[in-house]
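Heads up: the protein sequence lines correspond to chains A and B, in order. In terms of this note's numbering, the first sequence opens at residue 170 and continues consecutively. In terms of this note's numbering, the second sequence opens at residue 4 and continues consecutively. We put the CB at the ideal spot given by N, CA and C, even for glycine. Every value quoted in this text rests on a predicted model; they were computed, and no experiment measured them.
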Amino acid sequence: MSPKLLRVLFAFLFLLTFSLLLASSYLRAEELVGARVLSDSSCSLLSRLCCENLSAGTPYLLDPSRLPSLSFRERVGGREREFRVWLEDEGGRRWGPLGPLPPGRRVTCSLLVPVSLLENRPVPGRMGLEAWWA
Amino acid sequence: MRGMADLLAIASMFFLLLTASGLLYLFSSLGPLPRRPEELRVEHLYRTLELSEIVPGVGYLRAAGEQLLLEDPTVPENELRPSLEGVLSFLCPENRGVVLELRGEGGVWRAEVGGGRRELARRRGALTLSTPEGLASVEVEVRLLG
Chain A
170 MSPKLLRVLF
180 AFLFLLTFSL
190 LLASSYLRAE
200 ELVGARVLSD
210 SSCSLLSRLC
220 CENLSAGTPY
230 LLDPSRLPSL
240 SFRERVGGRE
250 REFRVWLEDE
260 GGRRWGPLGP
270 LPPGRRVTCS
280 LLVPVSLLEN
290 RPVPGRMGLE
300 AWWA
Chain B
4 MRGMADLLAI
14 ASMFFLLLTA
24 SGLLYLFSSL
34 GPLPRRPEEL
44 RVEHLYRTLE
54 LSEIVPGVGY
64 LRAAGEQLLL
74 EDPTVPENEL
84 RPSLEGVLSF
94 LCPENRGVVL
104 ELRGEGGVWR
114 AEVGGGRREL
124 ARRRGALTLS
134 TPEGLASVEV
144 EVRLLG
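Following this line, the structure appears as structure tokens:
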């Protein structure tokens, strides 16, 4: 093999390796940015559920009986988003999870936050949310 | 001329290497993890302790504040502390710790569950209670540790 051909071959391999590395890191970066956008929009969704959709009149005080009235699919910025929700009180009483199951191998965002649940009186509870792009 | 061509080839490869390394660094370092979920958790925790009632009509925060201001609080400390620590353990996310601290004229009242040294998020607030001497204020701080 001539030295000239060897040089060309090395240069080509060099170029190929860096192109592949660059492409894979770009895809990874896109995945990370997508996960961050999903996380941010899930936080906004959770706040809206706690302050409006499930609220028992006071923000952060939730009425579990309003859970079935939720629509578990919505359009955000031109994209469809689906989610499922559950509530649980300290005594182990549980409502849900309600909503569709996430498709297999889809990136989901799960959040678990403290809430106050209106039973006979306001009691401590937890709300779980899992959201994904449909 | 041939030597110059080799030199140019090596220089362009170095240029490519530096550019690619810079771009790789840019793509892989997207800054620190977002703090929003932790801020959301600590806000929810504060509001849950404020709204949830340990006995009808008395929230957990108010019951804790009374320990500092009243000689005869609605919920005695020996009942409040285990109940509050149980609630904090239930509400605290896994692998996290929570510190609840109230400061008033009567000193400091503190409850802590879980572990963790690094502060992830903090929520400060105030509570106003009526005492025999008039209205008194208590500073409340909830810290989420990880």
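Which of helix, strand or coil DSSP assigns to residue i
i: Phe241/A; result: coil
i: Glu86/B; result: A small correction: the amino acid at residue 86/B is Ser; Glu does not occupy that position in the sequence shown. Ser86/B: helix per DSSP, three-state reduction.
i: Val111/B; result: strand
i: Arg290/A; result: coil
i: Ala14/B; result: helix
i: Gly265/A; result: strand
i: Ala225/A; result: coil
Chain B within 8 Å of residue i, Cβ atoms only
i: Ala180/A; result: yes
i: Glu259/A; result: yes
i: Leu256/A; result: no
i: Cys212/A; result: yes
i: Asp209/A; result: yes
i: Ser171/A; result: no
i: Pro291/A; result: yes
i: Ser234/A; result: no
Nearest-angstrom Cα separation, counted from residue j out to residue i
i: Arg248/A; j: Asp209/A; result: 14 Å
i: Leu132/B; j: Ala67/B; result: 11 Å
i: Leu29/B; j: Ala23/B; result: 10 Å
i: Cys95/B; j: Arg205/A; result: 23 Å
i: Gly107/B; j: Leu130/B; result: 10 Å
i: Phe252/A; j: Pro271/A; result: 8 Å
i: Gly62/B; j: Pro269/A; result: 35 Å
i: Leu185/A; j: Leu20/B; result: 12 Å
i: Asp112/A; j: Val245/A; result: Since the first residue of chain A shown is 170 and the last is 303, residue 112/A is not available in this structure.
i: Ala14/B; j: Tyr195/A; result: 25 Å
i: Leu43/B; j: Cys212/A; result: 7 Å
i: Gly297/A; j: Trp264/A; result: 10 Å
i: Arg113/B; j: Val202/A; result: 39 Å
i: Tyr49/B; j: Arg126/B; result: 7 Å
C-beta neighbour in chain A for residue i, strict 8 Å
i: Ala12/B; result: yes
i: Phe93/B; result: yes
i: Pro40/B; result: yes
i: Thr51/B; result: yes
i: Glu56/B; result: yes
i: Pro59/B; result: yes
i: Arg99/B; result: no
i: Leu3/B; result: With chain B covering only 4 through 149, there is no way to say anything about residue 3/B.
Of the listed residues the options, nearest to residue i (C-alpha basis)
i: Val101/B; options: Glu144/B, Ile13/B and Arg38/B; result: Glu144/B
i: Gly118/B; options: Asp75/B, Leu147/B and Ala139/B; result: Leu147/B
i: Thr134/B; options: Ala8/B, Glu115/B, Asp75/B and Leu11/B; result: Asp75/B
i: Cys219/A; options: Leu236/A, Gly203/A and Leu207/A; result: Leu236/A
i: Leu91/B; options: Val116/B, Met16/B and Glu69/B; result: Val116/B
i: Leu72/B; options: Gly109/B, Ser55/B and Tyr49/B; result: Gly109/B
beta-carbon residue i near the ligand GTP non-hydrogen atom, thresh 7 Å
i: Arg262/A; result: Among the components of this structure there are no ligands whatsoever, and the ligand GTP is therefore not found.
Of all the residues that make up the stretch 114-141 of chain B, which are near chain D by a beta-carbon distance shorter than 7 Å? The structure shown contains no chain D; its protein chains are A and B.
Determine, using beta-carbon pairs with one atom in the stretch 74-84 of chain B and one in the stretch 276-292 of chain A, whether at least three such pairs fall under 8 Å. no
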